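Under my numbering, the first residue of the sequence shown carries the number 256, and numbering increases by one thereafter.
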Amino acid sequence: MDKEFSHSESPLVQKIIDGGWNWSHVVKRGMSIRFTDLEGGANLSALFYNATNFSERYNMGDTLKIQHISYMCKNRCIYSDMGRILMSVIDDSLGWHDMICGVSYPETIQTRFGAKSYQEFHNEFHRNGYDSLMIELAKHGLGKRDFIETINFFSKVGVDQDGGLGFVENHSKPGDFVELRAEMDTLVVVDAGMHPLNPSASYLKKPVEVTIAPCDPAKQDDPCKHFCAENERGFFNTEQYNYAG
């Protein structure tokens, strides 16, 4: 598997997000962020906001509708609710990342794995996706009304003949990755907790490596830009916004 970056610059940020823990960073325009599943079976729930105006944020409905897709993968874009592109997927080893199922909640984790509080178990307590992301959002002055849809990187969900959703096990292997290019300054908020549909009988904690480095901007023939005609307009709207700023 090719694990080289799509650019030759040295990383500016490189760290490991422990399984079940949260993290955030403003990824500047002209930078890329790569997430790597270190052990296999990871899930990374991500939120996206315009870093200079938090009221503009990722919109799942527009991202799906504009590109006529049901999952995220290479050459697709992450749209805001103002018709602009926050980030685009410039590299991806998996070809499928869940955009529909959201995150786990306290009741879900407690019902499946039992109560395991911080007061009793300290850093080994059972975390859930919603609370984890809310903790990280609070660091940026954001709260419940700012909680939005997530993209669950490294996870795949299938649909059966009756319309039911089923988690696809063993989808992500050690070393699988996804790399996003910031088309505008973007606040990325993530949680490395379990996918809500993961049927594991045990509480999983899978680490994810994150690396941020400079990258080339989208060129005229960029495949993300030309995935569909709507993306060309999305890039134009984003470029107009960036130049006006």
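We put the CB at the ideal spot given by N, CA and C, even for glycine.
Treat the numbers as computed from the prediction; the structure is a model and nothing was measured.
Name the two residues that bound the continuous beta strand (DSSP E) containing residue i.
i           : result
residue 305 : 299-305
residue 434 : 432-437
residue 380 : No beta strand (DSSP E) contains residue 380, which DSSP labels as neither H nor E.
residue 343 : 340-347
residue 334 : 332-334
residue 420 : 420-422
List the DSSP bridge partners of residue i.
i           : result
residue 408 : 299
residue 270 : 465
residue 278 : 445
residue 291 : 432 and 464
residue 413 : 421
Tell me the residue span of the alpha helix (DSSP H) that contains residue i.
i           : result
residue 386 : 384-393
residue 368 : 361-368
residue 581 : Any answer about residue 581 is impossible in this case: the structure gives the chain only from 256 up to 500.
residue 315 : 315-322
residue 402 : Residue 402 -> no alpha helix (DSSP H), and no H or E assigned at all.
I need the DSSP call for residue i, collapsed to helix, strand or coil.
i           : result
residue 286 : strand
residue 488 : helix
residue 326 : strand
Are there 16 or more other CB atoms within 10 angstroms of the CB of residue i, so buried, or fewer, so exposed?
i           : result
residue 268 : exposed
residue 414 : exposed
residue 375 : exposed
residue 433 : buried
residue 431 : buried
residue 256 : Because residue 256 sits at a pLDDT of 34, beneath the cut-off of 50, its placement in the model cannot be relied upon, and the point is left open.
If the criterion is Cβ atoms closer than 8 Å, does the pair residue i and residue j meet it?
i           : j           : result
residue 452 : residue 356 : yes
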